[in-house]
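Numbering (UniProt numbering), first residue to last: 1 to 246. Built from N, CA and C at the ideal position, the CB exists for glycine as well. These numbers come from a predicted model, not from an experiment. Right, one structure below, let's go through it.
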Amino acid sequence: MQTSLANQHASRLEALTHVSQQVSPLLVELTEGAHVIEPNSTSRQEVQSLYQYWKQHYPEAGAVYWQTRTWTMLVWQPITIALVTTYYVEHVPSISTMKQAVNLDNGVVGQFDFAEHDWQLGDQHQRLAIAAKELKLLIADLAQQLNDVCRMSPATQEKLLADTVMEMLLRGLNHMVSVNLLTKEQLHPTFAHELQHWQQALQLPLTRFGRLDVSIDGEYFVQRRACCMHYRRADGDYCQGCPQKK
Numbered sequence: 001m002q003t004s005l006a007n008q009h010a011s012r013l014e015a016l017t018h019v020s021q022q023v024s025p026l027l028v029e030l031t032e033g034a035h036v037i038e039p040n041s042t043s044r045q046e047v048q049s050l051y052q053y054w055k056q057h058y059p060e061a062g063a064v065y066w067q068t069r070t071w072t073m074l075v076w077q078p079i080t081i082a083l084v085t086t087y088y089v090e091h092v093p094s095i096s097t098m099k100q101a102v103n104l105d106n107g108v109v110g111q112f113d114f115a116e117h118d119w120q121l122g123d124q125h126q127r128l129a130i131a132a133k134e135l136k137l138l139i140a141d142l143a144q145q146l147n148d149v150c151r152m153s154p155a156t157q158e159k160l161l162a163d164t165v166m167e168m169l170l171r172g173l174n175h176m177v178s179v180n181l182l183t184k185e186q187l188h189p190t191f192a193h194e195l196q197h198w199q200q201a202l203q204l205p206l207t208r209f210g211r212l213d214v215s216i217d218g219e220y221f222v223q224r225r226a227c228c229m230h231y232r233r234a235d236g237d238y239c240q241g242c243p244q245k246k
């Protein structure tokens, strides 16, 4: 029975990573020997090392950048997987038990697996509800692990979380446009419709979310609610959609 479950998990994980790599090449299965950040564990050292990487390599950017970069690294992968499992595969994994690898040579979080092999089947509406519930549990755990290393206000954490949801949702819809699964005219109303579902499912205040805007060349981008603080680096600049840009 356990062998059957393990094989089923491996098969579904392979299918998930195959789709996920169309979003980012970092979204691959966890490799043996990796430095792992996982919930309900003693991975504080890995989170501390992640924070120290950004502190040591960009001392001029200050604590607000180190905190922001660490938090966005911790949450981008779970958010993306929640979106992918909602829209592109049939089963939702146990996202609340997600294990993530951190590369201490470049400060990047990528690669994943799940401690529990419980995958839930459902239609798109059901998958979104399941994924959001699982994601909330994981985010709460990651927030506690971050707070053991540095201090970031819950409001800032939520704004960065909302920004990431918007950006990864937009990336997915742009991909659908590129492969003719969605027209450019359908993108904005589809984005607004789906984002409302995520806002409600994640129970985030509307004030945490930015908006979808259009660049001078006609491309959509997210006008963020929270700054990623990249401009504070010596080699940094303001990002498109930066709330700090004057």
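Query                                                                                                                                                                          : Result
State the CB to CB distance for the pair R30 and Q111, rounded to an integer number of angstroms; the pair is presumed to be in contact (CB under 8 Å).                        : The amino acid at residue 30 is misidentified as Arg; the sequence shows Leu. With a Cβ gap of about 5 Å, L30 and Q111 count as contacting.
Suppose the cutoff is 8 Å on Cβ atoms and the five residues either side in sequence are ignored; what does the same chain contact list for I79 look like?                      : L135, L161, T164, V165 and M168
Which same chain residues, not among the five before or five after R224, have their C-beta less than 6 Å away from its C-beta?                                                 : D163, G210, G241 and P243
Label A140 either buried or exposed according to how many other C-beta atoms from any shown protein chain fall within 10 Å of its C-beta, with 16 as the threshold for buried. : exposed
Tell whether a beta-carbon distance below 8 Å holds between P154 and S96.                                                                                                      : no
Closer than 8 Å by C-beta to R113: which residues in its own chain qualify, once you throw out the five before and the five after it? Chain order, please.                     : Before going on, a small fix: residue 113 reads as Asp here, not Arg. These residues qualify, in order along the chain: L13, E29, L30, M98 and K99.
Quick check: T85 and A131, are their CB atoms within less than 8 Å of each other?                                                                                              : yes
According to DSSP, is E29 part of a helix, a strand, or is it coil?                                                                                                            : strand
Check the C-beta distance from Q48 over to V179 and give it rounded, since I have them as a contact under 8 Å.                                                                 : The Cβ separation is near 41 Å, so there is no contact.
To which residues does DSSP link R211 through a beta bridge?                                                                                                                   : Q223
If you follow the alpha helix (DSSP H) that N174 is in, where does it begin and where does it stop?                                                                            : P154 to S178
Can the beta-carbon of V102 be found closer than 8 Å to that of H35?                                                                                                           : yes
CA-CA distance, A143 and H125?                                                                                                                                                 : 27 Å
Excluding sequence positions up to five away, which residues of its chain have a Cβ less than 7 Å from the Cβ of K245?                                                         : Y238
What distance in whole Å lies between the Cβ atoms of Q77 and V108, which are believed to be in contact at a cut-off of 8 Å?                                                   : Not a contact, Cβ separation roughly 10 Å.
Beta-carbon separation of C228 and T72 under 8 Å?                                                                                                                              : yes
Count the other CB atoms, across all protein chains shown, that sit within 10 Å of the CB of D216; report buried if there are 16 or more and exposed otherwise.                : A small fix is needed here, since residue 216 is Ile in this sequence, not Asp. I216 comes out exposed.
Report the residue ranges of all alpha helix (DSSP H) runs contained in full by the segment 94-160; include only those spanning at least 4 residues, in chain order.           : 124-147
Are the CB atoms of T68 and L50 within a distance shorter than 8 Å?                                                                                                            : no
Leaving out five residues on either side along the sequence, give the residues of the same chain with a beta carbon under 7 Å from the beta carbon of A129.                    : A201
Look at the alpha carbon of R127 and the alpha carbon of V89, and state the distance between them as a whole number of angstroms.                                              : 9 Å
Could you pull out every residue in the same chain whose Cβ sits closer than 7 Å to the Cβ of K184, ignoring the five residues on either side in sequence?                     : V177
Indicate the three-state DSSP secondary structure (helix, strand or coil) for H35 in the structure shown.                                                                      : coil
Where does V64 fall in DSSP's three states?                                                                                                                                    : helix
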